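A short worksheet on the structure shown next.
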Amino acid sequence: MTKIPEILCIGSVLWDVIGRSASPMRLGSDVPGRIARIPGGVAMNIAMTLTRFDLVPALLTAIGKDEEGQELLATATRIGMITDHIYLSDDLPTDIYMAVEGANGLIAAIADAHSLEAAGDKILRPLADGTLGNVQAPYPGLVALDGNLTETLLEDISQNPLFAAADLRVAPASPGKAERLNPLLKHPRATFYVNLEEAGYLCQRDFGSTAEAALALVKRGAFRAMVSDGGNMAALGDKETLLTAQPPEVMVSRVTGAGDTFMAAHIAAEHRGETGTTALESALTAAAHYVSGETPL
24 MTKIPEILCI GSVLWDVIGR SASPMRLGSD VPGRIARIPG GVAMNIAMTL TRFDLVPALL
84 TAIGKDEEGQ ELLATATRIG MITDHIYLSD DLPTDIYMAV EGANGLIAAI ADAHSLEAAG
144 DKILRPLADG TLGNVQAPYP GLVALDGNLT ETLLEDISQN PLFAAADLRV APASPGKAER
204 LNPLLKHPRA TFYVNLEEAG YLCQRDFGST AEAALALVKR GAFRAMVSDG GNMAALGDKE
264 TLLTAQPPEV MVSRVTGAGD TFMAAHIAAE HRGETGTTAL ESALTAAAHY VSGETPL
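For what it's worth, the working numbering labels the leading residue of the sequence shown as 24, then goes sequentially.
Encoded structure:
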């Protein structure tokens, strides 16, 4: 019996290759550490966190039919995700992300999401062909969308009737891709999850606080805006309210995927009925557990 998804995760699903060292690093550093290959990508990170909160996510993405892709599919299915709707490509390789982290944070990263970009709107076919919805009856539930899609496709999604009824949750893939999300400011039901730097790119200005950034994003058209800033105050704003909360203090042992974990934890908190500051604090606690290394990969 096919499971019914509680949320769709649309975007990058790939392998993360992460090198971590306990030493501070700079350009040209050569230090001992550990290298791991784990499932990753914004959509995948969000989906993995959602499964830890007993939600059933479905992935809409592009994966190659290569050995790496088959292994990734098997892993996602084993974790508890619905993989039936993934676009499987005969000629595109499975995407990959590579990062180096030191004691002083992320040193450098390269995201190769070219296959996802090349697949384009093929990944959205289940939303149009009646599998998950169609124009007459668009998908009515939660949708987590990431900024690894092309600007053209994100522009289409912002106006596409297939997303008219969705509770859309939007995350940039990185500060460098944040401006791709500008078209989605038009969507009447989109909640943005960004960090302070990404908010600055979206608004083309610097902000002194997350509260200021959240209000600016709402003024630019966002239905809701959640802005984080590492261990500093986080803010959630809409046209009527502004909430802030301080993350718990923890020792940081990893950073890749922290923002995705925060977003997914907030979605899960609201899904189980939490609201306002309670949901925000639940998300910050989950993100703190993740960056401290308490949450297993």
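Quick reminder that beta carbons are idealized off the backbone N, C-alpha and C, glycines included.
These figures come from a predicted structure and were not determined experimentally.
When the distance is taken between beta carbons, is residue j closer than 8 Å to residue i?
i    : j    : result
S315 : V275 : yes
V193 : A222 : no
L219 : A268 : no
L73  : A136 : no
I105 : K26  : yes
I58  : G42  : yes
V65  : M121 : no
P149 : E178 : no
G119 : T84  : At residue 119 the sequence reads Ile, which differs from the Gly that was named. Their beta carbons are not under 8 Å apart, which means I119 does not touch T84 by this criterion.
A245 : F215 : yes
V123 : A131 : yes
S35  : M67  : yes
I69  : V166 : no
S251 : G282 : yes
L168 : L191 : yes
G48  : G125 : The sequence given here places Met at residue 48; Gly does not occur at that position. Yes, the pair counts as a contact, with Cβ atoms nearer than the cut-off.
S112 : A142 : yes
Tell me which same chain residues have a C-beta within less than 6 Å of the C-beta of residue i, skipping the five on either side of it?
i    : result
G92  : I86, T117
G260 : A237, L238, V241, A248
M256 : T233, T267, Q269
G254 : P270
A311 : P270, P271, V273
A188 : P161, P163
F186 : I180
K200 : G170
G128 : V278
Leaving out five residues on either side along the sequence, give the residues of the same chain with a beta carbon under 8 Å from the beta carbon of residue i.
i    : result
P184 : V158, P161
D229 : G223
D89  : P116, T117
M24  : Legend: pLDDT at M24 = 41, less than 50; position of this residue unreliable, value from coordinates given subsequently. Cβ neighbours of M24 beyond the five flanking positions: none.
E155 : What sits at residue 155 in the sequence shown is Leu, not Glu. If we look at L155 and ignore the five residues flanking it on each side, its Cβ neighbours are P28, L31, A81, H108, P149, Y162.
R243 : L208, L225, C226
E140 : N171, L172, T173
D144 : L176, D179
In the DSSP assignment, find the alpha helix (DSSP H) that holds residue i and state where it starts and stops.
i    : result
M67  : 65-75
D283 : 281-294
I180 : 174-182
V314 : 299-315
A142 : 137-142
G92  : 90-102
V241 : 233-242
Starting from residue i, trace the beta strand (DSSP E) in both directions and tell me its first and last residue.
i    : result
L266 : 265-268
G42  : 37-43
V166 : 165-169
S112 : 110-112
In the DSSP assignment, what are the bridge partners of residue i?
i    : result
R212 : R212 is not bridged to any residue.
N255 : D252
L129 : E124
N218 : S251
G260 : A248, L265
R57  : R43
K192 : Just to set this straight, residue 192 is Arg in the shown sequence, not Lys. Paired residues: A167, T214.
A85  : Y110
L31  : A81, V166
A134 : Y120
P271 : The partner list for P271 (beta bridge, DSSP) is empty, contrary to what the question assumes.
Tell me, to the nearest whole angstrom, how far the beta carbon of residue i is from that of residue j; I am working on the premise that it is less than 8 Å.
i    : j    : result
L204 : G170 : 5 Å
S138 : L172 : 12 Å between Cβ atoms; not a contact.
A389 : H294 : Given that the chain is displayed from residue 24 to residue 320, the structure contains no residue 389 and the question cannot be resolved.
G56  : S44  : 3 Å
By Cβ distance, which residues of its chain are closer than 7 Å to residue i, with the 5 residues on each side in sequence left out?
i    : result
S181 : P206, L207, K209, H210
G103 : T74, V79
T308 : P271
A291 : L73, F76, L78
E317 : none
V54  : S44, S46, M48
A287 : I69, T72, L73
T98  : P62
K262 : V241
E202 : Y224, L225
Could you tell me if the beta carbon of residue i falls within a distance shorter than 7 Å of some heavy atom in the ligand HEM?
i    : result
H210 : With respect to small molecules bound, the structure shown includes none, and the ligand HEM cannot be examined in it.
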